[in-house]
Amino acid sequence: PSDADQDGVCDGLDQCPDTPSNAKVDRVGCPVVVSEKETELVETGMIRLRNINFQTGRASLQPESERVLNEIGNILGRWPELRIEIGGHTDSRGGASINLTLSRARAQSVVDYLLLKFPELEPSQFTAVGYGSSRPIADNGTELGRAQNRRVEFKVLNKEALKREKEKQKLLPRE
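First residue of the sequence shown? That's 4 in our numbering, and the numbers climb one at a time after it.
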């Protein structure tokens, strides 16, 4: 089969037939825009999100969280070899036991959302972990600090696979 633009997608399937030969493309030959979050994942093995919102004291996702979770789902769909820990974190308000349970339930809500909206993702790729308030990144004595501590983190557990995938993408023939 021919591949006129040499992007790795056969002409019969290529929906973007004039992509530059060095462009990263999706399965239908269209350029993939690498977002800041994907760059963060590739470079650090982690994505830290502070804009995943839940109902106070609950694990129910707020609708405004869907946009960023959809972005993350699209990113993770391009990295199917990665095993990801989704870690939930809370601020220090409330008891340690309650925060631990809440953060675990929130992490599981994120996993559930991603698997529902992105059926190509495999459940075995994800582990939901709750850390409660045990790993603050800011001062819990201020509202701003507490807001920074309420977060969800996506951490690559198999960094060797991330390294292999990065190398594989660099070696793809694009000329």
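The C-beta atom is built at its ideal place from N, Cα and C for all residues, glycine as well.
Note that the structure is a prediction, hence the values are computed from the model and not measured.
Short Cβ contact (8 Å threshold) for residue i with residue j
i	j	result
arginine 22	aspartate 6	It should be pointed out that residue 22 corresponds to threonine in this sequence rather than to arginine. No, the pair does not count as a contact, with Cβ atoms beyond the cut-off.
phenylalanine 129	isoleucine 87	yes
valine 28	valine 45	no
serine 38	isoleucine 78	yes
alanine 150	glycine 133	no
valine 155	glycine 91	yes
serine 112	leucine 64	yes
asparagine 152	threonine 59	no
glycine 48	leucine 165	yes
valine 35	glutamine 18	no
alanine 141	valine 114	no
tryptophan 82	glutamate 168	yes
Whole-angstrom C-beta distance between residue j and residue i, which should lie under 8 Å
i	j	result
alanine 108	alanine 62	4 Å
glycine 135	leucine 103	4 Å
glutamate 84	lysine 40	The pair is not a contact, with the Cβ atoms about 18 Å apart (cut-off 8 Å).
leucine 72	leucine 117	7 Å
asparagine 56	glutamate 67	6 Å
Residue i (DSSP reduced to helix, strand or coil)
i	result
arginine 96	coil
alanine 108	helix
arginine 70	helix
arginine 86	coil
alanine 62	coil
glutamine 139	The sequence given here has proline at residue 139, not glutamine. DSSP places proline 139 in coil when its eight states are reduced to three.
glycine 80	helix
glutamate 37	For the record, residue 37 in the displayed sequence is valine; it is not glutamate. Three-state result, valine 37: coil.
glutamate 156	strand
threonine 130	strand
valine 114	helix
valine 45	helix
glycine 11	coil
Beta-bridge pairing of residue i - partner residues as DSSP gives them
i	result
isoleucine 50	Phe157
glycine 91	Gly133 and Val155
phenylalanine 57	Leu64
valine 28	Pro34
| request: Would you be able to state if there are at least three C-beta pairs under 8 Å between the stretch 13 to 20 and the stretch 48 to 57? | output: Result no; under three Cβ-Cβ pairs closer than 8 Å.
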